[in-house]
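Residue numbers (numbering that gives the first Met the number 0): 0 to 325. No residue lacks a Cβ here, since even glycine has one placed at the ideal position from N, Cα and C.
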Amino acid sequence: MPIISMREALNQAMNEEMERDPDVFLMGEEVGYYNGAYKVSQGLLQTFSERRVIDAPIAEMGFAGIGVGAAMVGLRPIIEFMTFNFSLVAIDQIVNNAAKIYQMSAGQFCVPIVFRGPGGPAVQVAAQHSQSLESFYANVPGLKVVMPATAYDSKGLLKTAIRDDNPVVFIESETLYGVTSEVPEEEYLIPMGKGDIKREGQHVTLVAWSKMVHTCLDAAGELATMDIEAEVVDPRSLRPLDNEIITDSVRKTGRCVIVEVGWPHCGFGAEIAFQVQRDCLDHLDAPVERVTSDDVPMPYALNLENEVQPQVKDVVAAVKRVLYLE
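If you want it as structure tokens, here you go:
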């Protein structure tokens, strides 16, 4: 299979879906003539014209609202935020409109819209551009939340999201756009709510999503040198959540470490930890551990930025704690 980057995989997904369905269109800041802030929409304007690849002004509430209205009358918008930090400007449109209209209209209006773009920490973009907002959006009934970690997952999940009749928040890590993996040339879809085991193991379960999947895979490699086999489970979507793949793994290993790049207080990892202890209590040989970023706004200085985010050493230390090795 061809090996391509996550950036290319997302581009292929949009290209294929826009070719397949004339109701799909892309709108956002710099998505057209600039080819996207991270070049994810490269070439789409030339292929589909300004009618379907629409450069929007710096007005997130405005173009998110246009997208919601377009979805209500049967179109399938893809709304790109230059960074998901800017989605906070459009929070009313996402949370009070897109997520609620199906119920409040008694099913008369579906809202098949995808809100997508980069989120989470990047490199030296400071406090206002480094926030992980998945736990907030996953808390909202009516929204689906997806956070892929690989090019393969990104393409299959984005195609599924575009075809979904519900609003989907699709968050891409800014640090993963260049990460490559094998992606089939033939069409494929990945269902939301279906996780993936990225590495098999028998001694401890590591649960992570987005960029933390790669941190956990690196940690698993280091742990293997100590004869500790860690299983890395990637839920891929947070809402719906594949609780079964997580609990099956924990029942096998007896130990669980949850790793997220978000903050500890009310982070999504706390929800997973609750479900694990509820469903796996009789199988747990140690308390569930969480590894998160420090509970501070993101510093600008590179050394401090790395210090506050979970690193391989932090995951390794957490694994040793649940194995009672330190």
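Beta-bridge partners assigned by DSSP to G118: S172. L142 sits close to P166, with the two beta carbons spaced by under 8 Å. In the three-state reduction of the DSSP assignment, L25 falls in the strand class, which pools E and B. Beyond the five residues adjoining it in sequence on each side, L301 comes within less than 8 Å, by CB distance, of V122, Q123 in the same chain, given in chain order. The Cβ-Cβ distance between G31 and F80 does not fall below 8 Å. Just so you know, the alpha carbons of C279 and V287 end up roughly 10 Å apart. Sixteen is the threshold: since fewer than 16 other Cβ atoms of the shown chains lie within 10 Å of the Cβ of A223, the residue is exposed. One thing to note: V113 has its Cβ within 8 Å of the Cβ of I77.
Take the alpha-carbon of V260 and the one of V321: they are about 20 Å apart. Residue burial is scored here from C-beta neighbours: I189 has at least 16 other C-beta atoms within 10 angstroms and is therefore classed as buried. Under the DSSP assignment, C265 falls outside any beta strand (DSSP E); it carries neither an H nor an E label. Between the alpha carbons of S48 and V145 lies a distance of about 28 Å.
Residue pairing by DSSP puts V232 in a beta bridge opposite I196, V206.
DSSP places E79 in the strand class (E or B) of the three-state scheme.
According to the DSSP secondary-structure assignment, D54 is paired through a beta bridge with G27. Leaving aside the five residues that flank S180 on each side, the residues in its chain whose CB is nearer than 6 Å to its CB run, in chain order, T149, A150, Y151. For K319, the enclosing alpha helix (DSSP H) stretches over residues 311-321. Rounded to whole angstroms, the gap between the alpha carbons of A98 and V139 is 7 Å.
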